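> Next up is a structure, given as structure tokens.
Number of protein chains: 2
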Amino acid sequence: MNPAFMKLDLDKQKNIMEAAMREFAENGYEKASTNRIVKEAGIGKGTLFYYFKNKEDLYHYVLNACLDNVFDELLAKVDTTETDFIERLKQIAQVKAAYHLEYPYDLSLLGSAFLQDDAPIPEDARQKYEKMIRLQETIIYDNIDHSVFRSDLDPEKAFRLIQWTLYGYQEELTQRLKQQDLSSIDLTPYWEEFYGYIDELKKVFYHV
Amino acid sequence: MNPAFMKLDLDKQKNIMEAAMREFAENGYEKASTNRIVKEAGIGKGTLFYYFKNKEDLYHYVLNACLDNVFDELLAKVDTTETDFIERLKQIAQVKAAYHLEYPYDLSLLGSAFLQDDAPIPEDARQKYEKMIRLQETIIYDNIDHSVFRSDLDPEKAFRLIQWTLYGYQEELTQRLKQQDLSSIDLTPYWEEFYGYIDELKKVFYHV
DNA sequence: ACTATAATTGACCATAGTGGTCAGGAGATA
DNA sequence: TATCTCCTGACCACTATGGTCAATTATAGT
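Each protein sequence line maps, in turn, to chains A and B. Numbering-wise (this note's numbering), the first sequence opens with residue 26 and increments by one. Numbering-wise (this note's numbering), the second sequence opens with residue 26 and increments by one.
This is how it looks when you write it as structure tokens:
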């Protein structure tokens, strides 16, 4: 990466980054097209290769930026002093949603990058990713009060059941909201719905 | 489609169909490559275009075959006399797993086909798909006994929570088993694990 | 055995897309 | 005026695209 890239208007930087992230996330490394990236970013072909020496260089830069950003803007913002498991997951969902609005392609890029076989992933990125996975683990489970679960339940199983539920809900919601511009829509009713289900979950998994 | 295709050895037919399904499912209509399809199917390029007049013709044929197959081999096999909701979903999971082993690409092709914008979908296929969705609905909810749920729960909410849970579990499992040849692996321990969670679900959602 | 027909092939086609280059232009600074 | 950074798109060699077709082989009917 040409260091001059850092001196660009932040807007232009962001344009290029977002175009690249989206293209890589949607098509994978091999099938991603630098032509589409420059068109989407509104820059000339030469400009892209002026700042990045080739496709792989761009991919690595984008990947590292995502990883760093997830650490600073996502994982760091979760309040791990909350000891109620369901409340903790609720909070994570909120932080994640805010993150997704600001950086729409980060998470889907990371998701695709490390599950592909054709993507050239540098060692440091792989390590950062594994560190991220471990940190995620502690963010979800650390400092959780196990005593609130119904005594006839295996807490481990309860953990996972609750997580799957919220994951399933999230998937359905993204399906429902697909194709819509999330930043221009009022999400309040969806949050209300979500809180309703959260309450129901507490009702069934916690003792009275 | 050239009617002669129907007279081929079933093996050869299946080879071609599976190769096409997989290519379409993984890449979408536009990005799917007929070259890769013939290579995967082990036939000459000319043969493919002898049986199908072009890429779109092949796509339509494959799509319709999937739809018909899902009706006959999947939806028809669910026992809707089972009135216990969780048992019903458990049974659906079993039927679906068996289906997936026999026809590995049907479901993922249908999933991708109707969520893409570049796929040319003929009217009759679209209608068949919508009929399928409606039938799916009745298969899940029809003839279900609402009285087994805890009386302090909204049954509608409980329905959805349970469904999301199983969906989330299924997603995690497919992640875990990805890249493995499902037909050569002993799935028994996974089913045992699944039944364990099923029991736990009954414990929390049904009244004692 | 001969013939007619059906099945199958891969070299070939025009076209479009690939990642990447580079001579040159524009604008600022010295 | 000269030098430097930023930026461009025409252009390159190359690969892949969907689709064709003359030629070959297998099958069947007589």
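Glycine included, every Cβ here is placed at the ideal spot set by N, Cα and C. From a predicted model like this one, the values you see are computed outputs, not experimental measurements.
Taking 8 Å as the threshold (beta carbon to beta carbon), is GLU162 (chain B) in contact with chain A?
Output row for GLU162 (chain B): interface = no.
> For TYR222 (chain A), collect the residues of the same chain with a Cβ closer than 7 Å to its Cβ; drop the 5 residues on either side in sequence, then sort them by chain order.
So the list reads TYR194, once near-sequence residues are dropped.
> Given 8 Å as the limit, is there contact between the segment 176–194 of chain B and the segment 204–211 of chain B, that is, 3 or more CB pairs closer than that?
At 8 Å Cβ cutoff, the stretches do not touch.
> Let me see if you follow: with CB-CB separation under 8 Å, is GLN141 (chain A) close to chain B or not?
GLN141 (chain A) does not count as touching chain B.
> Any idea which residues DSSP pairs PHE174 (chain A) with across the strands?
BP columns for PHE174 (chain A) point to A:TYR231.
> Would ILE41 (chain A) be called buried (16 or more neighbouring beta carbons within 10 Å of its own) or exposed?
ILE41 (chain A) comes out buried.
> Ignore the nearest five residues each way along the sequence and tell me which others in ASN89 (chain A)'s own chain have a CB closer than 7 Å to its CB.
Contacts found: ALA150.
> Give a yes or no on whether 8 Å exceeds the smallest Cβ distance from ASP104 (chain B) to chain A.
Not an interface residue.
> Residues in the same chain with beta-carbon distance under 7 Å from ARG175 (chain B), minus the five sequence neighbours each way, listed in chain order, please.
If we look at ARG175 (chain B) and ignore the five residues flanking it on each side, its Cβ neighbours are PHE230, TYR231 and HIS232.
> With 8 Å as the C-beta to C-beta threshold (strictly closer), list the residues of the segment 170–197 of chain A near chain B in chain order.
Hits within the stretch, in order: ARG175, ASP177, LEU178, ASP179, LYS182, ALA183, ARG185, LEU186, GLN188, TRP189, THR190, LEU191, TYR192, GLY193, TYR194, GLU196 and GLU197.
> Tell me whether THR105 (chain B) sits in a helix, a strand or coil according to DSSP, three-state version.
Coil.
> Less than 8 Å between the C-beta atoms of MET157 (chain B) and LEU92 (chain B), yes or no?
Their beta carbons are under 8 Å apart, which means MET157 (chain B) touches LEU92 (chain B) by this criterion.
> Have a look at A:GLN141, A:ASP179 and A:PRO214 and flag the residue whose alpha-carbon is nearest the alpha-carbon of LEU226 (chain B).
LEU226 (chain B) has its Cα closest to that of A:ASP179, out of A:GLN141, A:ASP179 and A:PRO214.
> Check for me: the alpha helix (DSSP H) holding LYS37 (chain B) runs from which residue to which?
Start and end: 35–56.
> Under the rule that 16 or more other beta-carbon atoms within 10 Å means buried, what is ALA46 (chain B), buried or exposed?
The residue you asked about is not Ala; residue 46 (chain B) is Met in the sequence shown. By the 10 Å Cβ count, MET46 (chain B) comes out buried.
> Identify whether PHE77 (chain B) lies in helix, strand or coil by the three-state DSSP scheme.
Coil at PHE77 (chain B), not helix or strand.
> Can you pull the chain B neighbours of TYR222 (chain A), defined as C-beta to C-beta under 8 Å?
Chain B residues near TYR222 (chain A): LYS182, ARG185 and LEU186.
> On the premise that GLY53 (chain A) lies in contact with SER137 (chain A), defined as a C-beta separation below 8 Å, what is that separation, rounded to the nearest angstrom?
That pair is a contact at about 6 Å.
> Which word fits GLU181 (chain B), buried or exposed, when buried means at least 16 other C-beta atoms lie within 10 angstroms of its C-beta?
Result: exposed.
> Find the nearest neighbour of PRO28 (chain A) within the set A:GLU48, A:LEU83, A:ASN60 and A:ILE68, judged by alpha-carbon distance.
Ranking A:GLU48, A:LEU83, A:ASN60 and A:ILE68 by Cα distance to PRO28 (chain A) puts A:LEU83 first.
> Tell me whether TYR75 (chain B) is buried or exposed, calling it buried when 16 or more other Cβ atoms sit within 10 Å of its Cβ.
Result: exposed.
> For GLU81 (chain B), collect the residues of the same chain with a Cβ closer than 7 Å to its Cβ; drop the 5 residues on either side in sequence, then sort them by chain order.
So the list reads PRO145, once near-sequence residues are dropped.
> Quick one: residues in its chain with C-beta nearer than 8 Å to the C-beta of ASP224 (chain B), no 5 flanking neighbours on either side, listed in chain order?
Excluding sequence neighbours, ASP224 (chain B) sits near nothing in its chain.
> Give the single residue among A:GLY69, A:GLU218 and A:ILE111 whose Cα lies nearest to the Cα of ILE25 (chain A).
The question about residue 25 (chain A) has no answer, for chain A in this structure spans 26 to 233.
> DSSP three-state label for ILE169 (chain A), please.
Coil at ILE169 (chain A), not helix or strand.
> To the nearest angstrom, how far is the alpha carbon of LYS70 (chain A) from that of LYS37 (chain A)?
Those two C-alpha atoms are separated by around 15 Å.
> Quick one, are the C-beta atoms of GLN116 (chain B) and GLU107 (chain B) less than 8 Å apart?
Yes, Cβ-Cβ distance for GLN116 (chain B) and GLU107 (chain B) is below 8 Å.
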